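Numbered by the numbering used here, the letters in the sequence shown go through residues 6 to 60 in order.
Yeah, the Cβ is synthetic: ideal placement off N, Cα and C, and Gly gets one too.
Keep in mind it's a predicted model, so treat the numbers as computed, not measured.
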Amino acid sequence: MTEDTHPNAVRRTLLLEAAHEEMVKFERKENEFRKKDREERAAELRLPLGEIKLH
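Next comes the structure, spelled out in structure tokens:
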């Protein structure tokens, strides 16, 4: 039996893929949250975000 077809290796690969997908989802939600928060704070302070270049 090769290492790639070993049940533990297959299970580990599936778990890593699932973890990666969850991390991508989390990062996407976090970025959306930060963008919304930044826009809300800018609105409160009446800052023109369109004119400010963010790095």
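| Asked | Found |
| --- | --- |
| Three-state secondary structure (DSSP) of residue 11 | coil |
| For residue 23 and residue 12, the rounded distance between their alpha carbons | 16 Å |
| Residues of its chain near residue 16, where Cβ-Cβ distance is below 6 Å and the 5 sequence neighbours each way are ignored | none |
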